[in-house]
Amino acid sequence: MNFDTGAVLVLSGPSGAGKSSLIKKIEDKIGAYYFSISTTTRPIRKGETEGFEYHFVSQEEFKKDIEDEHFLEYAKVHGNYYGTSIKPVKKALQERKLVIFDIDVQGHTSIQSRLGDITTSVFITTPTLCELEKRLYSRATDEKEIIENRIKMAKREIQRVSEFDYLLINDDLDRAAKHLIRIAKAARMKIPTQVINDFVRKWEEDSISISC
Ligand code: 5GP
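Under the working numbering, think of the first position of the sequence shown as 16, with each following residue one higher.
As structure tokens, this is what we get:
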């Protein structure tokens, strides 16, 4: 039997753990999905495009969106605001897509409380802290102070790994991608509580009205 409902896959973990590379690697192997593009107040980085990595807005615009209740969740990360808009997520779920979020651990908590019954979560990280430091410095997209901040944040975030369904160590991109494909496929099999309750009710009713 195929219940065919939408599902959510939350990916969290330190910047530099390779979340974006992993998503790129698996995107044509996981069926219909929608990658949630967040809104942020952080300055646009070299090589980024408005509407591709993020919607880049001012603090005022972000606060207006909070007031207008446009966000499914939002959080302050590294001193900047990041938020997930409700509308496109709702639409994608109605279209029975797998909705993928790249959000921090605070965002994961919010998504669990609102969409927990259809959510699967993965914490993605490097094999060691040392490896993370190496990757962040070699990427050279951020100032030293920002990198140090990200490392501090990573040390805090790793303490909350047990809140996630899976821990994925990205030591080898091909191997990690294979694991993530399996997780994404399993995530699609999650059934919302409402659908389960309807099924159970119908399952019992049929045994009353039809002789077995
Ligand atoms: P970056 O500035 O490196 O792109 O992202 C910084 C952090 O913000 C990452 O850990 C990323 O997962 C998180 N992030 C991105 N978008 C959102 C969002 O919409 N909500 C939350 N809670 N975190 C986000």
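The C-beta atom is built at its ideal place from N, Cα and C for all residues, glycine as well.
Where residue 22 is concerned, there is no enclosing alpha helix (DSSP H), although the beta strand (DSSP E) around it starts and stops at 22 to 27. By the Cβ criterion, the segment 37 to 46 is in contact with the segment 182 to 199, since at least three pairs of Cβ atoms, one from each stretch, lie closer than 8 angstroms.
In terms of side-chain proximity, the C-beta atom of residue 90 is found nearer than 7 angstroms to a non-hydrogen atom of the ligand 5GP. Residue 157 has its alpha-carbon roughly 14 angstroms from the corresponding atom of residue 94. For the alpha helix (DSSP H) assignment, the uninterrupted runs of no fewer than 4 residues enclosed by the segment 49 to 101 are, from N- to C-terminal side, 74 to 82.
Distance between residue 162 and residue 170, taken at the CA atoms: about 12 angstroms. When rounded, the separation of the alpha-carbon atoms in residue 85 and residue 202 is 26 angstroms. Here residue 116 is not near residue 140, since their CB atoms are 8 angstroms or more apart. Measuring C-alpha to C-alpha distances from residue 48 to each of 22, 204, 138 identifies 22 as the nearest. Around the beta carbon of residue 81, fewer than 16 other beta carbons sit within 10 angstroms, so the residue counts as exposed.
Between residue 227 and residue 68, the alpha-carbon positions lie close to 55 angstroms from each other. By the neighbour-count definition (other C-beta atoms within 10 Å, threshold 16), residue 172 is a buried residue. According to the DSSP assignment, residue 41 belongs to the alpha helix (DSSP H) that extends over 34 to 41. Per DSSP, residue 137 is one residue of the beta strand (DSSP E) stretching across 134 to 140. Counting along the chain, the unbroken beta strand (DSSP E) around residue 117 starts and ends at 113 to 117.
Beta-bridge partners assigned by DSSP to residue 182: 138. If you check the CB distance, residue 199 and residue 87 do not come in under 8 angstroms. For the ligand 5GP, no non-hydrogen atom lies closer than 7 angstroms to the CB of residue 128.
Its Cα nearest to that of residue 73, the residue 58 stands out among 58, 66, 83, 151. Its chain contains 88, 90 as the residues whose beta carbon lies nearer than 6 angstroms to that of residue 122, once the 5 sequence neighbours on both sides are disregarded; these appear in chain order. The three-state secondary structure of residue 205, taken from DSSP, is coil.
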